[in-house]
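Please read the structure below before turning to the comments.
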Amino acid sequence: KIYEEKQVNILKAIEEGKVVEKIKVMADSIADIPSIVVYISSLEEFILLEFDNIVDIRFRVFSAALFKA
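Each residue of the sequence shown is one higher than the one before, starting from 52 at the first, in our numbering.
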């Protein structure tokens, strides 16, 4: 009987440890969200700047072609 109780307690402890580990993984993932948002925001800003540069270059090429014609 004591052996069975200890076995049950050990199994409970193992399961609780697994739950705690899962909670830790979820908490770490949630903690990473702000840095991911900052990265995405920076990436968005970079893409918009590059798009502006491309539009500007196309405009200059088009303008130069018009003035030559």
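Just so it is clear, CB atoms sit at the ideal spot from N, CA and C, and this is done for glycine as well.
Indicate the three-state DSSP secondary structure (helix, strand or coil) for K119 in the structure shown. Translated into positions along the sequence shown, residue 119 becomes position 68. Residue state, collapsed to three classes: helix.
Using DSSP with H/G/I as helix, E/B as strand and the rest coil, what is K52? Numbered from its first residue, the sequence shown carries residue 52 at position 1. Assignment of K52 by DSSP, reduced to helix, strand and coil, places it in the coil class.
If you draw a straight line from the alpha carbon of V51 to that of E101, how long is it in whole angstroms? This structure does not reach residue 51, given that the chain is present from 52 up to 120, and the question cannot be answered.
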